[in-house]
Amino acid sequence: MRDDAPDRITGSGSPGWGNAPATAAPPPWAPAQRVPAGGARGRVDALPPAYPTAPSTGAIGRPRRRPRAKPVGIPELVLITTMTHAPLVMLWSVMPTTYQFSGVVATPLVFGLGGGVLLVFAIAYGGLARRIRHSGGLYAFVTHGLGPTIGLGVAVLAVLSYSVLLGGVLVLLAGVLTSFVEGLFDVHISLQVSLVIAVAAVVGLGRLQLRTLSRVYLGLAASQAIAVLWIDFGAVTTPDQGRISYDAIDPAWLLGGSVSLALCFALTSFMGSETGATYADEVTDPQRTVPRATIVSYAVAAVVLLVSGWAISVATGPENAVSIAQGSYESQTGGNGQPLVLVVVGRLVGPEHVITVVHLFTAALVLGALGASASIHHSVARQIAGLARDGVLPASLGTRRHGGTPVRAGWLAPLIAGPLALVAVSVDNTAVALVVGVLGGLGIVAVLTLTSLAAVVYFLRGAEEDDTGFLGWEGHLVAGAFAMVVTGFVFVYALIRLPSVLADVAPAVGWLFPVSLGGAFVGGVVWALVLRTTRPEVLARVGRSEPSAPE
C-alpha cells in the first residue's frame, strides 16, 4: 500500500484529502475536489465520498470505484409494483375465492369498485409521496401525520403483514409448482420441497438491483399479458349459450350475496401498488415517479380484473361462475376442486390441446407467483432497511449494496414467511393457507386506513397556501378522508364477518385476526414508548432519517 494513500475524511480542519496538511499537494491519482454550490465554504458533506485507505487501482493507477445502482423511472416502478399482484395470479386465486365465499355474481364489478377506491387513496398517497421521501413508505407517512409513536406501531404492523402476505403467496407458488412439475414431467414433488425451491428463488431475486429486476419482470409481465389476453379473447368469442352477458358488471347483481365481503377480498387483491414509496431512494425524481407509478399500477390492476373477470363470466355464464368456483381455492393448495380458469380453458380448446394449454397456463402462473413473491420481498427489505436507518433496528440491516438493494435486510422476510408457509402446506386443512393470505391482506388494509388518516391530519395541519385546487391540498384531504372511511369500514367488517364465514374451516379466525393484528400494532407502540424513555433521539428520527451511504 502506498504511504501517501488518502485516509477517509475526518471532518476536521481543511477540506483536504486524508490527514495531509491543507497546503500539501494531493497524490497524482487523486480526483479533483468539487466546490460546493454557492462557494467554497469547506463543507465536508458537500465533498465526494472518500476512497478507502487502500483503494483498488486500474491499469493506469487510478482508483476504481464501484458504481452506484442506476435509478429507475416510472415504467420500471410500475412493473415492480404491478407484479406484486400479478394479473394471472389474481384471476386464478383471488377472484374465484371471492366468488366462492361471497356468492356475488357481479364480482368483477366489485373488483373494479375496489380499484376505484384505491385510486382515490392514491391521490392522498401521492400528495404525501411528493413531500416525504423515505424508504419506510407508509410508516413514514403516518409518522409525519400522527407522530412517531403511532408511526412505529404502523411500521411493525406493515412489516409483519407484508411478510404474512408473502407467506400466503409462497403457499400458492409451492402448490402450482408441484402441479406443474407433476403434470409436465410426471414426477411428484411434495409441497414442502416446492416451498423450499420457491423460497430459494425469491431470495435469489431479492438480491437483484431494481434495474435488473425490472428487466426480469418485463419477461414475467409478458407471460402474464399473453395468458390473460388469450383467455379474454377466447372467452368473449365463445360465450355461454352463444350470448354475451353483462350481468357480471351490472350493479343490480350486487344485491345478491355479500357485496361487503366481496369488497374485503377485492381490496386485499390490490395490495402492493402502495409499496412504490419504499423505492423513493432508488428512482429518478421520486416526487413525480412514485405518485404516478402508484396510480398507473392501481389502474392497470383494476382494468385487468374488471375486464378479465367479466370475460370469464361470459364463458361460464355469470350465475354459473359462482357454482363453478366452489372448491377453487382448495385446488390451489392440494385439495379437491378445479381452478375456475382451467374450467374456462377446457371450454375454449379441444380435448387434444387441453393438456398443452394447461401446462402453459400453469407455467405462466408459476412465473407470476414468483414475481409477486419477489416484489413483496423487496418491499419488506426496504421497510426494514428504513427502520435500521432510523436507528430502531441494527444499522447493519440498513446497508445497501451500491446504494440499491438492502441485501442483509432481505433475509428477514423469508425468515418470517418461510416457516409460516411451511406450516400452511404441512397441515391437512387447506383453509390455513387462505387464513394466512387474508390475514396479511387485512393487516395492510389497516395500514392504508391509518395512512389515510395521517394524510387528513397532515394536510389540515400544514397545507401550503399556494398548493390549492382539486389536486392541491384540498383534493388530497378529501381523498384521504374518503379512503379512510371505506378502508376502515372494510377492515372492521372483515373482523366481524369473516369468523362466521370461515367458522367451518378455520374456527380460530374469530380471535386470531384481532389478536395478531392488534398485537403487532400495540407491540410497535410499546416499543416506541420504550424508545421515548431510553433513546428519544432515535424515536425522533423515525420516518425522518436521510438515505444512508452505499456499502
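For the sequence shown, the UniProt record's numbering gives the first residue as 1, with consecutive numbering after it.
Note that the Cβ used here is the ideal one computed from N, Cα and C, for glycine as well.
Got a sec, what are the start and stop residues for the alpha helix (DSSP H) S297 sits in?
Looking at the DSSP string, the run of the alpha helix (DSSP H) that includes S297 is 286-316.
With DSSP collapsed to three states, give me the class of V542.
Looking at V542 - three-state DSSP - the assignment turns out to be coil, as it is neither helix nor strand.
To the nearest angstrom, how far is it from the Cα of A277 to the Cα of V187?
C-alpha separation (whole angstroms): 42 Å.
Return the CA-CA distance between L365 and L88, expressed in angstroms with no decimal places.
Roughly 6 Å separates the two Cα atoms.
Taking V105 and W253 to be in contact with their CB atoms under 8 Å, please state how far apart those CB atoms are, rounded to whole angstroms.
V105 to W253, Cβ: 4 Å. Contact.
Just grab the DSSP bridge partners of R211 for me.
DSSP output for R211 lists no bridge partner at all.
Quick one: Cα of G167 to Cα of A506, how far?
Spanning the two alpha carbons is a distance of roughly 17 Å.
Check each candidate in L113, L387, G398 and name the one with the smallest Cα separation from G151.
It is L387 whose Cα lies nearest to the Cα of G151.
Which same chain residues, not among the five before or five after A266, have their C-beta less than 6 Å away from its C-beta?
Around A266: V110, F111, G114.
Just the Cα atoms here: how many angstroms apart are Y139 and L119?
Going by the C-alpha atoms only, they are around 19 Å apart.
Just to confirm my understanding: we take P31, look at its own chain, exclude 5 residues before and 5 after, and list those with CB closer than 6 Å. What are they?
For P31, the pLDDT reaches just 44, beneath the cut-off of 50, and the residue's location in the model is therefore unreliable, although a value from the coordinates is still provided. Excluding residues within five positions, none has a Cβ falling inside 6 Å.
DSSP three-state label for V515, please.
Helix.
Candidates G153, L210, P406: which alpha carbon is nearest P547's?
Comparing Cα positions, the closest option is P406.
Who are V283's beta bridge partners in DSSP?
Bridge partners of V283: V72.
Inspect the beta-carbon positions of V457 and G145 and report whether they are closer than 8 Å.
A contact, by the Cβ cut-off of 8 Å.
Going by the beta-carbon positions, is the gap between G127 and V283 smaller than 8 Å?
No.
Would a C-beta distance cut-off of 8 Å place L91 and S308 closer than the cut-off?
Their beta carbons are under 8 Å apart, which means L91 touches S308 by this criterion.
Hey, how far is the Cα of V436 from the Cα of S161?
Approximately 10 Å between the Cα atoms of the pair.
With a threshold of 7 Å (Cβ to nearest heavy atom), would V142 be considered close to the ligand ADP?
As presented, the structure is devoid of all ligands, the ligand ADP included, so that no description of it is given.
Tell me the DSSP secondary structure of R408 in three-state form.
Here R408 sits in coil by DSSP.
Taking only the alpha-carbon atoms, compute the straight-line gap between P291 and G183 and give it to the nearest angstrom.
Those two C-alpha atoms are separated by around 42 Å.
Using beta-carbon positions only, say whether I189 and V176 come within less than 8 Å of one another.
It is not a contact, given that the beta carbons lie outside the stated cut-off.
Counting only the same chain and skipping the five closest in sequence on each side, list residues whose C-beta sits under 6 Å from that of L453.
Answer for L453: M484, listed in chain order.
Within the same chain, show all residues whose beta-carbon is closer than 7 Å to that of S396, passing over the 5 residues directly before and after it, in chain order.
The answer, listed in chain order, is R408.
DSSP three-state label for R400, please.
R400 falls in the strand class under three-state DSSP.
Whose CA, out of T81, A262, G543, V94, lies closest to the CA of S269?
Taking only the C-alpha atoms, the option nearest S269 is V94.
Does M95 come out as helix, strand or coil in the three-state DSSP assignment?
If DSSP states are grouped into helix, strand and coil, M95 belongs with the helices.
Under three-state DSSP, which class holds A221?
Note: A221 maps to helix in three-state DSSP.
Assuming H144 is part of the alpha helix (DSSP H), what are its boundary residues?
Element bounds for H144: 138-146.
Could you pull out every residue in the same chain whose Cβ sits closer than 8 Å to the Cβ of L495, ignoring the five residues on either side in sequence?
For L495, where only same-chain residues beyond five positions count, the Cβ hits under 8 Å are L442, F513, P514.
In angstroms with no decimal places, state the Cα-to-Cα distance between W527 and V432.
If I take the Cα positions, the gap works out to 30 Å.
Roughly how many angstroms separate the alpha carbons of T149 and L529, rounded to a whole number?
Distance between the alpha carbons of T149 and L529: 7 Å.
List the endpoints of the continuous alpha helix (DSSP H) containing S273.
Unbroken run through S273: none, as it is neither H nor E.
For Q33, does the three-state DSSP call read helix, strand or coil?
Residue placement at Q33 is poorly supported in this model, since its pLDDT is 44, which falls under 50; the coordinates still yield a value, given next. Coil.
What residues in its chain sit with their C-beta under 6 Å from that of S260, if we drop five residues either side in the sequence?
Contacts found: Y493.
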